[in-house]
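A short write-up of the structure that comes next.
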Amino acid sequence: MLQYPYYTEEHSRMIPASSKIGMNKIKGTKKIEATNTNCEKWLEAFKQLRSSKLQRRKILKTSKYYISAKIDNCVLYYNLVNDTLLSLPAALEEGCIKCLENPNDKDTIYWQKLYNDHFILDDNHDEMKEIQHRHWRSANEVSEYSLTVLCTLKCNSECTYCYQRNLEFEYEEMTESDFDGLYQYLCQVPQRNIHINWFGGEPMLLKNQILSFCRKADRDRKHLYSHSLSTNGSIYDERFFREMEQYGLTNVNASMVGLGDNHNKLRPSQDYDAETVVKNLLKMTRHTTVVININLCKSNIGQAKEILERFVSYQYLPIRFSFSRIASYDHIPCKEEELDIDTYMKRVIELSNWALDQGFVICDMSCFQNFGVYCGAYSKHNEVVGPGLYVYQCDRTYNPADAKGQIVEGKFVWKDNCADCENAGACLDPFAVEECKDCKILPYCNGGCDYLRKIGKSACPVEKDYLEEYLKLYYRIFYQG
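Just add 4 to wherever you are in the sequence shown, counting from 1, and you've got the numbering used here.
If you want it as C-alpha cells, here you go:
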C-alpha cells in the first residue's frame, strides 16, 4: 500500500505489503558479469541451444514489449511481459539486434535464447491476452490480505504540499469502537497472512491505540500479522517501537524535504525540526528498516543531496532511500514548487547513482518485476480503511460518500451501488482504456493510476520516457550491489 503520508505523485502507487521495501531479489535470475573476456563463453552457450524441427517450421515475430539499455560493458534486455532480464556483453549486441529484427532467421546462434525468453514469439501468440491474464491472476492473489489503516487524519505539521491539506473530513480519527470493529472484522478474513500499514495524518499521534490493537491482534492464533508505519518522523517512543518489533514491524516509511531552511519552509511545525527527524529515524533503525523518501520540488532540488550526506556515516544501518515528486492540485495549489517531469527524472537518476556509488541502498522505484499489478488499488485483497471504518479503493479519498463499503459489527457491508460487485473481483479494469492498449509500456504500468485519470491528470508513471535509465538503476540495485 502507500508508504508516504505526504502528497507526491508516487502516491499513485499503492504497493502491496510484500514489496514495500522494494528490495526483493528476482527469483531464478543469475548475475553474469558481461565482460569482453567471456564473450566466447556466451557464444559457446548460445551454440549449444538448438531449435527443434517444429520450431524451425513456425512463423515468428518479435515481442513489442521489451526495452534495452547499455550499462558499463554490457547491454540489458528486459521483457516487460514475463519479466525476463537478459544481460549480454556489449560486443554481442549487434548480433542480438539483427536476430530481433529478423525473428525468422533461426540459423543465428542468438535465436533459441531469445525464443526461450519470449523476446521472439510464435506469430499467433497473443501478448495482450498474456498481459491481462498475468494482471488478473496477481490482482486476485489470496495469499495475503493487505490493509492501509488511516487511523487519524490529524497531523502535527503543516506541510505546504500535503495532499490532505484544505480538505474537510466528516470523521478525523478512529475511535475505540472503530479499533474494536476492525479487529473483529480481521479475525474473520480467510487469509492466513495480514499486513497493516498504519497511515495518517500522523499515525504516531495514536501510538497508544495502535499498540493496544496490536497486542490484541497478537493473540489471534488464526492469523499472522505484520505491520508497517508511514510517519513524518517527528515522534519517537522507545516502548512503541520495541513492542511493534515483536508484533512484526517490517519497516517504517518516512519522508523528508531537506535540512534547515528547506525543512522549515516546506514542512513548518512548532513541534519539531529536521534534526529531530534525523535523530528519530536513526533510533528507529534499532527495531526495523527505515525507508526515507526524499520529496523533490523547485525549492529543494539543489540541496537534496544534503539529506543523503547527513546519513553518510550510517550506511551500516538498515536505511533505504527513494524519491518522489511534489505536485500541485486544485485543493493544494503549489504550482510554484512543482518540477517538470524531465527535470525531476534527471535529478532522481543523478541522485540515485551518486547514492549507490557511496554505498547507500536505494529502493527499487520502478515497476519492473511487478507481476502484473502497478497499484494496490487494482488488487482485490488490498484495501484502505479510515475513520468510521469506511473502506476505500484508494487512499486518495477520505469522504464516506466515495467509500465502496463499510465495516459494520465486524462484517463488510457493500455500498448500495457496489453491491452487485461483491464477487466480481477488483472494480478497476486497467485494460478498458483505449489509449493504453497500444502503449509499449502497458505491461509495466497496467493502465497507470485510475484516480489521476478520473480527475483529468495524466495516469502514466512519471518514468514513462525514462524506462531505460530506470532499468540501469534496477540492474545496479539488484545485481551490482
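The beta-carbon is built from N, C-alpha and C at its ideal position, and this holds for glycine as well. Since this is a predicted model, take the numbers as computed values, not measurements.
message: Suppose the cutoff is 8 Å on Cβ atoms and the five residues either side in sequence are ignored; what does the same chain contact list for D241 look like?
response: Contacts found: M208 and K211.
9 Å Cβ cutoff met for N297 and M248: In this structure, M248 does not lie closer than 9 Å to N297 by Cβ.
message: Distance cutoff 9 Å, beta carbons only. Does M349 sit that close to anything in chain D?
response: Here chain D cannot be found, since the structure has a single protein chain.
- prompt: First and last residue of the alpha helix (DSSP H) that includes V352?
  reply: I345 to D361 is the extent of the alpha helix (DSSP H) around V352.
query: Can you tell me whether DSSP reads G237 as helix, strand or coil?
result: The answer is coil: DSSP assigns G237 none of H, G, I, E or B.
message: Helix, strand or coil, according to DSSP, for A308 in the structure here?
response: It is coil, neither helix nor strand.
- request: For I30, collect the residues of the same chain with a Cβ closer than 8 Å to its Cβ; drop the 5 residues on either side in sequence, then sort them by chain order.
  value: The pLDDT assigned to I30 is 34, lower than 50, so where the model puts this residue is not dependable; a value taken from the coordinates is nonetheless given after this. Excluding sequence neighbours, I30 sits near D87, L89, Q373 and F482.
message: My assumption, with CB atoms under 8 Å, is that G237 sits in contact with V281. Please give the rounded CB distance.
response: Beta-carbon to beta-carbon, G237 and V281 are separated by about 4 Å, close enough to satisfy the 8 Å threshold.
- request: Go ahead and pull the three-state DSSP assignment for L80.
  value: Strand, per DSSP.
- prompt: Is DSSP giving E473 helix, strand or coil here?
  reply: Residue state, collapsed to three classes: helix.
- request: Have a look at L215 and L186 and give me their C-alpha separation to the nearest angstrom.
  value: Using only the alpha carbons, I get a separation of about 14 Å.
Where the alpha helix (DSSP H) containing A463 begins and where it ends: Premise fails: A463 is in no alpha helix (DSSP H) and is neither H nor E.
field: Straight-line gap, L154 to S370 (C-alpha atoms, nearest Å)
entry: Looking at the two C-alpha atoms, the distance is approximately 25 Å.
task: Using 10 angstroms around the beta-carbon of L171, count the other beta-carbons present and answer buried if the total reaches 16, otherwise exposed.
output: Answer is exposed; the Cβ neighbour count stays below 16.
field: According to DSSP, residues forming a beta bridge with S326
entry: According to DSSP, S326 bridges with N297.
- prompt: Under three-state DSSP, which class holds P404?
  reply: Helix, per DSSP.
field: Collapsed DSSP secondary structure at N336 in the structure displayed
entry: For clarity, residue 336 is Ile in the given sequence; the question names Asn instead. Here I336 sits in strand by DSSP.
query: Taking C-beta to C-beta, are R324 and T293 nearer than 9 Å?
result: Yes.
Of the listed residues V256, K419, R225 and C166, nearest to L233 (C-alpha basis): Ranking V256, K419, R225 and C166 by Cα distance to L233 puts V256 first.
query: Exposed or buried, which one is V412 when buried takes at least 16 other CB atoms within 10 Å?
result: By the neighbour-count rule (16 or more Cβ atoms within 10 Å), V412 is not buried but exposed.
Under the three-state DSSP convention, the category I19 falls into: Unreliable positioning characterises I19 in this predicted model, as indicated by a pLDDT of 36, which lies under 50. The coordinate reading is nonetheless provided below. Coil at I19, not helix or strand.
message: Taking 6 Å as the limit between beta carbons, can you name the residues of its chain near L263, skipping five residues before and five after?
response: These residues qualify, in order along the chain: A278 and E310.
message: Less than 9 Å between the C-beta atoms of Y165 and A331, yes or no?
response: Result yes, Cβ atoms of Y165 and A331 sit closer than 9 Å.
task: Could you tell me which of R329, F245 and R480 sits nearest to T289, measuring between CA atoms?
output: Considering only alpha carbons, the answer is F245.
Exposed unless 16 or more other CB atoms sit within 10 angstroms - verdict on L477: Counting C-beta atoms within 10 angstroms of its own C-beta, L477 has 16 or more neighbours from the protein chains shown and is therefore classed as buried.
query: What's the call for L58, buried or exposed, on a 16-neighbour Cβ count within 10 Å?
result: Because the pLDDT of L58 is 48, which lies under 50, any placement of that residue in the model is unreliable, and the question is left without a value.
task: Would you identify the three-state DSSP class for F375, choosing helix, strand or coil?
output: Three-state DSSP puts F375 in coil, outside helix and strand.
field: Option in Y470, N386 and G414 with minimal Cα separation from S147
entry: The option with the nearest alpha carbon to S147 is N386.
- prompt: Cα-Cα, which of S462, S72 and F435 is closest to R138?
  reply: Distance from the Cα of R138 is smallest, within the candidate group S462, S72 and F435, for F435.
task: Put E467 into one of helix, strand or coil per three-state DSSP.
output: Secondary structure of E467 (DSSP, three-state): coil.
- prompt: Taking P447 as the reference, which of Y70, I63 and K65 has the closest Cα?
  reply: Nearest to P447 by C-alpha distance, out of Y70, I63 and K65, is Y70.
- prompt: To the nearest angstrom, how far is it from the Cα of E467 to the Cα of S303?
  reply: Cα to Cα, the separation comes out at about 21 Å.
task: Could you give the DSSP three-state label for S181: helix, strand or coil?
output: Helix, per DSSP.
query: Expressed to the nearest angstrom, what Euclidean distance is found between the alpha-carbon atoms of Q116 and K62?
result: Approximately 13 Å between the Cα atoms of the pair.
- request: With DSSP as the reference, label R480 as helix, strand or coil.
  value: Taken through DSSP and simplified to helix, strand or coil, R480 comes out as helix.
field: Bounding residues of the beta strand (DSSP E) (the contiguous stretch that carries M260)
entry: Annotation: the continuous beta strand (DSSP E) that includes M260 extends over L253 to M260.
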